[in-house]
Amino acid sequence: VCAWHPCPSTETALGSSDNLEHRRKDRQVRLAAFGINSILYQRGIYPPETFTRVTHYDLSLLLTTDPKLKSYLTNVVSQLKEWLFECTVQKLVLVITCLETNEVLERWQFDIECDKSAKESSAPREKSIKTIQHEIRSVIRQITATVTFLPLLETPCAFDLLVYTDKDLVVPDKWEESGPQTIDQPEEVRLHSFTTSIHKVNSMVAYKKTESA
Amino acid sequence: MDLEDDTTILTTLKSFNSFISRPEHPQRLSEHSAGSGILQSQYKRSMELLEAAERVHSKNRYLQLDQEKKQMELSHKRARFELERAASDSARDLEHEVDRNQELLGQIKKLEERAEEVNKKLTEQKEANDALQKNLEGLNKTLEERDDKLGTANQTIRSLKDEIRELRQKIQNQDSKMSAQTLENQELQEKIDLQQRKYQEVSQLCQSLQAAQSSCSDHIIKIKELERRLVFQEQDFAIVKTVKSEVARVPDLEKELKRLRDDNAYLRESRENCSLLKEEVEGLRKKLERMEKTKEELINMELEKERLTEKLHAWENLGQSTGLNISVRSVERSQSELRAELTQQHSKTLEEQKKREAQDALVRRLQKRVLLLTKERDGMRAILESYDSELAPTEYSPQLSKRLREAEDILLKTQSHNAEMEVCLQACINILFFFALLNSVCACIFFLRQKIEDLERERQRLEEQNNILEMRLERHNLQGDYDPVKTRVLHLKMNPTAIAKQERQQEVEALRQEVTRLRDLVRSLQSGGAVGHSQDDTHNPSFSLSLAPSKEVLDLRKQMESSELRNQRLKEVFQRKIQEFRTVCYVLTGYQIDITTENQYRLTSVYAEHMDDSLLFKKGSNGSMQLMETEFSKTLGEMVALHLHHQKSIPAFLSAVTLDLFSRQTTV
Numbered sequence: 001v002c003a004w005h006p007c008p009s010t011e012t013a014l015g016s017s018d019n020l021e022h023r024r025k026d027r028q029v030r031l032a033a034f035g036i037n038s039i040l041y042q043r044g045i046y047p048p049e050t051f052t053r054v055t056h057y058d059l060s061l062l063l064t065t066d067p068k069l070k071s072y073l074t075n076v077v078s079q080l081k082e083w084l085f086e087c088t089v090q091k092l093v094l095v096i097t098c099l100e101t102n103e104v105l106e107r108w109q110f111d112i113e114c115d116k117s118a119k120e121s122s123a124p125r126e127k128s129i130k131t132i133q134h135e136i137r138s139v140i141r142q143i144t145a146t147v148t149f150l151p152l153l154e155t156p157c158a159f160d161l162l163v164y165t166d167k168d169l170v171v172p173d174k175w176e177e178s179g180p181q182t183i184d185q186p187e188e189v190r191l192h193s194f195t196t197s198i199h200k201v202n203s204m205v206a207y208k209k210t211e212s213a
Numbered sequence: 001m002d003l004e005d006d007t008t009i010l011t012t013l014k015s016f017n018s019f020i021s022r023p024e025h026p027q028r029l030s031e032h033s034a035g036s037g038i039l040q041s042q043y044k045r046s047m048e049l050l051e052a053a054e055r056v057h058s059k060n061r062y063l064q065l066d067q068e069k070k071q072m073e074l075s076h077k078r079a080r081f082e083l084e085r086a087a088s089d090s091a092r093d094l095e096h097e098v099d100r101n102q103e104l105l106g107q108i109k110k111l112e113e114r115a116e117e118v119n120k121k122l123t124e125q126k127e128a129n130d131a132l133q134k135n136l137e138g139l140n141k142t143l144e145e146r147d148d149k150l151g152t153a154n155q156t157i158r159s160l161k162d163e164i165r166e167l168r169q170k171i172q173n174q175d176s177k178m179s180a181q182t183l184e185n186q187e188l189q190e191k192i193d194l195q196q197r198k199y200q201e202v203s204q205l206c207q208s209l210q211a212a213q214s215s216c217s218d219h220i221i222k223i224k225e226l227e228r229r230l231v232f233q234e235q236d237f238a239i240v241k242t243v244k245s246e247v248a249r250v251p252d253l254e255k256e257l258k259r260l261r262d263d264n265a266y267l268r269e270s271r272e273n274c275s276l277l278k279e280e281v282e283g284l285r286k287k288l289e290r291m292e293k294t295k296e297e298l299i300n301m302e303l304e305k306e307r308l309t310e311k312l313h314a315w316e317n318l319g320q321s322t323g324l325n326i327s328v329r330s331v332e333r334s335q336s337e338l339r340a341e342l343t344q345q346h347s348k349t350l351e352e353q354k355k356r357e358a359q360d361a362l363v364r365r366l367q368k369r370v371l372l373l374t375k376e377r378d379g380m381r382a383i384l385e386s387y388d389s390e391l392a393p394t395e396y397s398p399q400l401s402k403r404l405r406e407a408e409d410i411l412l413k414t415q416s417h418n419a420e421m422e423v424c425l426q427a428c429i430n431i432l433f434f435f436a437l438l439n440s441v442c443a444c445i446f447f448l449r450q451k452i453e454d455l456e457r458e459r460q461r462l463e464e465q466n467n468i469l470e471m472r473l474e475r476h477n478l479q480g481d482y483d484p485v486k487t488r489v490l491h492l493k494m495n496p497t498a499i500a501k502q503e504r505q506q507e508v509e510a511l512r513q514e515v516t517r518l519r520d521l522v523r524s525l526q527s528g529g530a531v532g533h534s535q536d537d538t539h540n541p542s543f544s545l546s547l548a549p550s551k552e553v554l555d556l557r558k559q560m561e562s563s564e565l566r567n568q569r570l571k572e573v574f575q576r577k578i579q580e581f582r583t584v585c586y587v588l589t590g591y592q593i594d595i596t597t598e599n600q601y602r603l604t605s606v607y608a609e610h611m612d613d614s615l616l617f618k619k620g621s622n623g624s625m626q627l628m629e630t631e632f633s634k635t636l637g638e639m640v641a642l643h644l645h646h647q648k649s650i651p652a653f654l655s656a657v658t659l660d661l662f663s664r665q666t667t668v
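Here the protein sequences line up with chains A and B, keeping their order.
The first sequence lines up with residues 1 to 213 when you count with full-length UniProt numbering.
The second sequence lines up with residues 1 to 668 when you count with full-length UniProt numbering.
Spelled out as structure tokens, the structure:
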């Protein structure tokens, strides 16, 4: 399980909006991590026995136990949290590459519209566990549903996480610029977009057309 | 111990036997020796020996029995042990059985409980059934009631239908009445319309009357106004006539006015120039003051210069008087410095002088200009005073003055009239201007409308283009494109894909290396098998591990080769030996024995007349040799009969044949 503190059952209102903002971003980042874990499990990038069930928000969720993968995810997720707080993130993309041909086979893209004015507008009220559960469930349900029509990944694959940020951002230490890694002539499927308390997240998945015999 | 015992027994028995046998001899030898004492002693000895033998025997028996007992104890123990084990096993089995028993008991209990529960449920179900049945009965009752109600309802319906029929008839009657009334209504309406039309006509006539009346009143007012205007105009005409002559003077006055205005403007300009010049003069005065200051400074400088020259002279004098103490160089230096200062001061003074002269010239010029201007001003003042004096009355007759005053009044009036006319003109001009403006505005509006339409069309086109481009952008965004000016795509350097690619690369490299190594190894093995030892040295030390098996292989090969060599040598040796033996046999016996087939031997004599004269012998199953029929053997019938059939000796037969052939050879 990633090194996150266990969350309280309901998040109560606090006096300073800054702390609430942190909690919100924390939650979104956790949501992103759950989604990523779910995709990795469903697409079989890592063997299913390396995933374990973990209880968060009274839901049974899958998280990886591979230590290298866990450290990588924590790195990315912590940086993403910072950027989300500054509202400099535009997109989060999960790219699945075939190792034999070095082609991109699948591309999961999450467009994040950050409401920069939402820091003070929405009143600091309680976010009940039901809404949180609903968000998480909707994300994971969509991912699971898309697996039904995505083509099988038969060759060994690896994944990568790309972040689309503003240009004037200072590139941190361990990060580097990479290409968009798009698919050649993809099939695109738009997923049901969902809104959290401040963000609107549009998600879509693009995959390489299989040559059907 | 048994063996030892046996050996002791045997030895004792032997000794006993020996003892028994020995006394025979001594008995024979010494029959009439000691006599009964010896015999007694012998008998005693023999008895003792017997007893000893018996003791030994019994000891032996005892030992045997002991051993058997021990064995039996051992076997007892083993049997006990096994029995115990069996007992423990059976105890364990018993326990298992007991446990199973208990489990089964427990299961039985559970089943009993379940049976009870099932029973309870059954009873409950039965109760429920009863309840349901009661419900059913109740419902049936309600159904019957409902049926009754339905019957009553049907009856009421029938009665209501009858009522409805009656009501319908009433309605029809009323309808007919209504239609009659509507007809009446229509007639009345038509009458009303007629009345209304008449009323409208009357009202129109009233209105027209009123309008006519109002227009009449307006006309009357207009007429009055016009009459008034006529009166005024007549007055005006009278005035105008009287003034026409005076008005002839107006253009001249206007010309004078114009000239005065020009003069005024010119005077104003000159006044401004005056003020400017005054400022210049002030500036120049300040410059003058500064110049004077510089002059004073110059004077001071000259004074200083004189003082310095005096000082110089004094110093020179000093120098001359006390030439020893003061160094010439410093004096010269000071002199040169002073000279430089002097020249500087000179140049400065010259510059100052030049500046002052320039300033003086400027001042003089300005003063001249000022004088001219003041003269002009005086002249202007004089002209104005002369005008004033001219305009002052030159004592004409009072009538003239009166006329003048009247003329002035008329002038004023005309001026006012002029002003009014001008105002009217202005208003007309304004109106014209306004109309022109309106026209232009309309034209503008028309032009603007067209422009608006064009712009609208342009806007629509641009909107469509915009939509198309936005869709394209959306698509590209979906595919993951981004605007390099605004966004950047980042990822961690050590990401799983990169790591996996690296590992793959390393794997591929390792595999390649292994492939090359194995290829070399295979080649070495293929070549190493043929060559042998020498290859070992030329091989790469890295193949040392792989050579270990090949070394073994080489050793084995060497062994094989050596064994083969040995075999071959042995074969050669055997062959040689066999060949020797055969030749010896041939030489000694005179027959060459060949094995044609299994168990068939062909003998060829050394003295054979023909090459294929041979005897065939076959080895039978019982081991005996039998002669076979051949061409040669047919010629030896006698010998066969004699030696083989009669004497039954093959060697004799063979030697007879040899002798026969030899004799034939030698004689012939």
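We put the beta carbon where it would ideally sit given N, CA and C, even for glycine.
Tell whether a beta-carbon distance below 8 Å holds between residue i and residue j.
i              : j              : result
residue 600(B) : residue 618(B) : yes
residue 410(B) : residue 243(B) : yes
residue 166(A) : residue 486(B) : yes
residue 215(A) : residue 496(B) : This structure leaves residue 215(A) out entirely; chain A is present only between 1 and 213.
residue 488(B) : residue 177(A) : yes
residue 139(A) : residue 35(A)  : yes
Using the beta-carbon count (16 or more within 10 Å), is residue i buried or exposed?
i              : result
residue 90(B)  : exposed
residue 112(A) : buried
residue 76(B)  : exposed
residue 26(B)  : Any answer about residue 26(B) is weak, because its pLDDT of 49 lies below 50 and its placement is not dependable; what the coordinates show is given next. It is exposed - the Cβ of residue 26(B) has fewer than 16 other Cβ atoms within 10 Å.
residue 173(A) : exposed
residue 262(B) : exposed
residue 204(A) : buried
residue 207(A) : buried
residue 509(B) : exposed
residue 135(A) : buried
In this structure, does DSSP put residue i in helix, strand or coil?
i              : result
residue 242(B) : helix
residue 186(A) : strand
residue 354(B) : helix
residue 533(B) : Low per-residue confidence applies at residue 533(B): pLDDT is 48, beneath 50, and the placement is therefore not dependable, though the value from the model is reported in the following sentence. Three-state result, residue 533(B): coil.
residue 491(B) : strand
residue 443(B) : helix
residue 72(B)  : helix
residue 217(A) : This structure gives no information on residue 217(A), because the portion of chain A shown stretches from 1 to 213.
residue 607(B) : coil
residue 385(B) : helix
residue 66(B)  : helix
residue 266(B) : helix
Residue range of the beta strand (DSSP E) that residue i falls in?
i              : result
residue 111(A) : 104-114
residue 94(A)  : 89-98
residue 163(A) : 157-166
residue 54(A)  : 51-56
residue 619(B) : 614-619
residue 154(A) : Per DSSP, residue 154(A) belongs to no beta strand (DSSP E) and is neither H nor E.
Does the ligand SAH have a heavy atom nearer than 7 Å to the CB of residue i?
i              : result
residue 254(B) : Only the bare structure without any ligand can be found here, which leaves the ligand SAH out of the picture.
Starting from residue i, trace the alpha helix (DSSP H) both ways and give me its first and last residue.
i              : result
residue 660(B) : 650-667
residue 181(A) : Unbroken run through residue 181(A): none, as it is neither H nor E.
residue 629(B) : Counting along the chain, residue 629(B) falls outside any alpha helix (DSSP H), and DSSP gives it neither H nor E.
If contact is defined by three or more beta carbon pairs under 8 Å, each pair taking one atom from either stretch, is the region 165-185 of chain A in contact with the region 460-467 of chain B? no
Hey, is the region 602-610 of chain B in contact with the region 575-594 of chain B, meaning 3+ C-beta pairs nearer than 8 Å? yes
Could you list the residues in the region 490-513 of chain B with a C-beta less than 8 Å from some C-beta on chain E, going in chain order? In summary, chain E is missing from the structure at hand, where the protein chains are A and B.
Across the region 19-28 of chain A and the region 39-48 of chain A, are there enough close Cβ pairs to call them in contact, namely three or more that are closer than 8 Å? no
Say whether the region 11-23 of chain B touches the region 39-53 of chain B, bearing in mind that this needs 3 or more beta-carbon pairs closer than 8 Å, one atom from each stretch. yes
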